[in-house]
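Quick notes on the structure that follows.
There are 2 protein chains.
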Amino acid sequence: MPLDLGAKGSCQIGGNISTNAGGLRLFRYGSLHATVLGLEVVLPDGTILDVLNTLKKDNTGYHLSHLFIGAEGTLGFVTKVVIQCPVKPSSTHVTFLGVDSFDTVLKIVKLARSNLGEILSSCEMMDHEGVQSVSSKFDIQIPVKKCPFYMLLETSGSNQEHDSAKLSKFLEDGLENNVILDAVMFSEQSKIQKIWPLQRCGSCLKDATYNYDISLSLQDFYSIIPIMRERLKDQDVVTVCGYGHLGDGNLHVNISVREPNPAVYALVEPFIYEWTSQHKGSISAEHGIGLAKKHVIHLSKSETSLTLMRQIKQMMDPNQIMNPYKVF
Amino acid sequence: MPLDLGAKGSCQIGGNISTNAGGLRLFRYGSLHATVLGLEVVLPDGTILDVLNTLKKDNTGYHLSHLFIGAEGTLGFVTKVVIQCPVKPSSTHVTFLGVDSFDTVLKIVKLARSNLGEILSSCEMMDHEGVQSVSSKFDIQIPVKKCPFYMLLETSGSNQEHDSAKLSKFLEDGLENNVILDAVMFSEQSKIQKIWPLQRCGSCLKDATYNYDISLSLQDFYSIIPIMRERLKDQDVVTVCGYGHLGDGNLHVNISVREPNPAVYALVEPFIYEWTSQHKGSISAEHGIGLAKKHVIHLSKSETSLTLMRQIKQMMDPNQIMNPYKVF
Chain A
6 MPLDLGAKGS CQIGGNISTN AGGLRLFRYG SLHATVLGLE VVLPDGTILD
56 VLNTLKKDNT GYHLSHLFIG AEGTLGFVTK VVIQCPVKPS STHVTFLGVD
106 SFDTVLKIVK LARSNLGEIL SSCEMMDHEG VQSVSSKFDI QIPVKKCPFY
156 MLLETSGSNQ EHDSAKLSKF LEDGLENNVI LDAVMFSEQS KIQKIWPLQR
206 CGSCLKDATY NYDISLSLQD FYSIIPIMRE RLKDQDVVTV CGYGHLGDGN
256 LHVNISVREP NPAVYALVEP FIYEWTSQHK GSISAEHGIG LAKKHVIHLS
306 KSETSLTLMR QIKQMMDPNQ IMNPYKVF
Chain B
6 MPLDLGAKGS CQIGGNISTN AGGLRLFRYG SLHATVLGLE VVLPDGTILD
56 VLNTLKKDNT GYHLSHLFIG AEGTLGFVTK VVIQCPVKPS STHVTFLGVD
106 SFDTVLKIVK LARSNLGEIL SSCEMMDHEG VQSVSSKFDI QIPVKKCPFY
156 MLLETSGSNQ EHDSAKLSKF LEDGLENNVI LDAVMFSEQS KIQKIWPLQR
206 CGSCLKDATY NYDISLSLQD FYSIIPIMRE RLKDQDVVTV CGYGHLGDGN
256 LHVNISVREP NPAVYALVEP FIYEWTSQHK GSISAEHGIG LAKKHVIHLS
306 KSETSLTLMR QIKQMMDPNQ IMNPYKVF
């Protein structure tokens, strides 16, 4: 299955399609637009639309499946899906790195792309605050020395020996040139499964966490975190942390407070959305719009785009019965 | 650039988007739905729709770009595109194989997927009739002994030594087990460039060729060729040949005649489309519908799908001015 995400175990595949879930391996296998070949969808008038194509190539008319991917159920209800699954990799390695700055994180991304090439399947970054929270809450030891940033890189390939050689060379280059401060590498599944939770800083979320899911170009990727810390320095905030999928430019921002705090909230929103918009980012990388972001969708989409979207919605669901009040 | 196709040099990128061009490396990099991140499109009313997103993840409203990919210019005119380009592979190898039957071709696909895994970037098959035509017309020697089928496999990776080892092992396994009858392998660019034209059996097309571009599941992939030869055995036909992108299930069928021949045409159409439809294939894998296939689009798409497509067309282009008379 090309899709893997934090919500695995509770999410459903129809919901994944409707929210265009991205997750941990989009970097390797592409978005659902890349892997979904066909859908069955119940349209607002009850008609069943069968575009359950199993072919990789089919250029006969408009590509209707894509209209429902990411439409948040507002155009139809996804009931069946054909998804293209890659050959399961026979060799998987994970390395957990300690890094001194975000600039160095970006250097490591370059190094990983050139050394690991086609076997790189995940490229994640987490700041110390995020990893420290998970480490304490779930009692998982951070496997490298304390550093301002950590990275988790995964490789998936068809040849254990070649993959291991590529990863070792990458680590040697990084350690020798002092871009990597500390590193561990795992190839056993049991150890890999124990290390992944350190990436899931979002699993520490409490009710009183303000959390955001934005995407940005890599040069702007982490800048919002120090800005937000400065902005909130006089407030009663537990942590401001950032972690995300570097391969996709998707940053999760978590602002954790002791209890719901209107003063903090007022400093965070709409500032974070406006800042993201000014930096040509997306105010919702993978979580969608729903109810919570209806009032800021215009910060990521032009009026012309929104008009066309509303026309499509009006044409397909004139009675507004599909997932009402959402998105627009 | 993730897209490479026979029409390189004469096609244009806007046309590639509008026809959802597939080409030689769809197997590796996915379709244009996978690689196009954003578009600028002139809508039928003259409005410029700017969805020139450069982000890999952006779930803010409907994913409008996908509506124009493969719409054959009937919904708008593509004027700009943001496309995601992979890191250029530093190592490329091509192997040209001779094979005894189509069943063996399928065995080799499996062998290639397991041995070559993530570095396999093209997996092409051609029958002897097709390759013989190119070989004669362009005076290119077939580099292996005469066989009923040939395959051209390309690998692209980041490590010359690893890629070469994987490919050598694949060839050794195939030759030892007699699934490959004869093989050559090239890693020099100049030699690779000389061998690729043997795959382009379509480059021999004459005005009086009936040519088809269908997609099918792999078990049905080649069956239409012997059926068509039997059907046309008493006609004045030069060759019936089949070649295509095995990784994508896309078969090109060329029926070459000395001059336009209504008797041949009547035996070929609509039979080939009906046969493809009965085998759950697509009557147009990558060439689109245009004018020529309007009358058979219903063989690949349900009435519900066609109704929704027509509604979208009517809503966006009520005056039917965009690429008029095409598709519907």
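Chains as they are written, first to last, in this note's numbering: chain A, 6 to 333; chain B, 6 to 333. Using N, Cα and C, we set each Cβ at its ideal position, and we do this for glycine too.
Just tell me which of the options has its CA closest to the CA of residue i.
i               : options                        : result
L37 of chain A  : A:N21, A:Q204, A:V245, A:D187  : A:N21
V46 of chain A  : A:A76, A:K62, A:N183           : A:A76
G103 of chain B : B:G35, B:W201, B:D187          : B:D187
I59 of chain A  : A:L44, A:F154, A:G252          : The sequence given here has Thr at residue 59 of chain A, not Ile. Per the Cα distances, A:L44.
N216 of chain A : A:K174, A:S173, A:A297         : A:A297
S95 of chain B  : B:L251, B:I124, B:W280, B:I302 : B:I124
M130 of chain A : A:G247, A:P7, A:I317           : A:G247
Q146 of chain A : A:H167, A:I230, A:V136         : A:V136
A290 of chain A : A:C16, A:K142, A:L251, A:C152  : A:L251
N64 of chain A  : B:S305, B:T312, B:L172, B:H167 : B:S305
T97 of chain A  : A:R33, A:L57, A:D168           : A:D168
K238 of chain B : B:P265, B:G249, B:L272         : B:L272
K285 of chain B : A:L57, A:M6, A:G14             : A:L57
Are any of the Cβ atoms in chain A nearer than 8 Å to that of residue i?
i               : result
V269 of chain B : no
H257 of chain B : no
I302 of chain B : yes
T214 of chain B : no
R205 of chain B : no
I124 of chain B : yes
A117 of chain B : no
G11 of chain B  : no
T24 of chain B  : yes
Hey, how far is the Cα of residue i from the Cα of residue j?
i               : j               : result
D178 of chain B : K93 of chain A  : 21 Å
M314 of chain B : V86 of chain A  : 20 Å
P49 of chain A  : V332 of chain A : 16 Å
G254 of chain A : L31 of chain A  : 11 Å
D9 of chain B   : L54 of chain B  : 27 Å
V269 of chain B : K61 of chain A  : 30 Å
T281 of chain B : I219 of chain B : 7 Å
V114 of chain B : P91 of chain A  : 14 Å
H133 of chain A : I88 of chain A  : 37 Å
L121 of chain A : M156 of chain A : 15 Å
T309 of chain A : I317 of chain A : 13 Å
R287 of chain B : G295 of chain B : Reading off the sequence shown, one finds Ser at residue 287 of chain B, where the question assumed Arg. Straight-line Cα distance between these residues: approximately 15 Å.
M233 of chain A : D144 of chain A : 28 Å
T79 of chain A  : P329 of chain A : 7 Å
R236 of chain B : S138 of chain B : 21 Å
S15 of chain A  : L172 of chain A : 33 Å
H68 of chain A  : T84 of chain B  : 20 Å
Could you give the residue range of the beta strand (DSSP E) that holds residue i?
i               : result
E129 of chain A : 125 to 132
E45 of chain B  : 41 to 47
S161 of chain B : 154 to 162
G249 of chain A : 242 to 250
Y215 of chain A : 214 to 220
K171 of chain A : Where K171 of chain A is concerned, there is no enclosing beta strand (DSSP E), although the alpha helix (DSSP H) it sits in stretches over 165 to 181.
D108 of chain A : Here D108 of chain A belongs to no beta strand (DSSP E); instead the alpha helix (DSSP H) covers 107 to 121.
H257 of chain B : 255 to 262
F82 of chain B  : 82 to 88
Tell me where the alpha helix (DSSP H) around residue i begins and ends.
i               : result
T309 of chain B : 308 to 321
E274 of chain A : Neither: E274 of chain A is in no alpha helix (DSSP H) and is coded neither H nor E.
M190 of chain A : Counting along the chain, M190 of chain A falls outside any alpha helix (DSSP H), though it belongs to the beta strand (DSSP E) covering 187 to 191.
S195 of chain B : 194 to 200
I53 of chain A  : Segment 53 to 56 is the beta strand (DSSP E) holding I53 of chain A; no alpha helix (DSSP H) there.
Any beta carbon of chain B sitting closer than 8 Å to that of residue i?
i               : result
L54 of chain A  : yes
Q316 of chain A : yes
N64 of chain A  : yes
M190 of chain A : no
K331 of chain A : no
E291 of chain A : yes
V92 of chain A  : yes
D253 of chain A : yes
S307 of chain A : yes
I145 of chain A : no
N164 of chain A : yes
S287 of chain A : yes
K299 of chain A : no
- How do the stretch 190 to 197 of chain A and the stretch 109 to 127 of chain A stand: do at least 3 beta-carbon pairs fall below 8 Å, yes or no? no
- Query: Touching or not, the stretch 258 to 277 of chain B and the stretch 310 to 326 of chain B, by the rule of three or more beta carbon pairs under 8 Å?
  - Reply: Inter-segment contact for the stretch 258 to 277 of chain B and the stretch 310 to 326 of chain B is absent: fewer than three beta-carbon pairs are separated by less than 8 Å.
- Message: Quick test of the definition: if touching needs 3 or more C-beta pairs under 8 Å, does the stretch 194 to 205 of chain B touch the stretch 217 to 228 of chain B?
- Response: no
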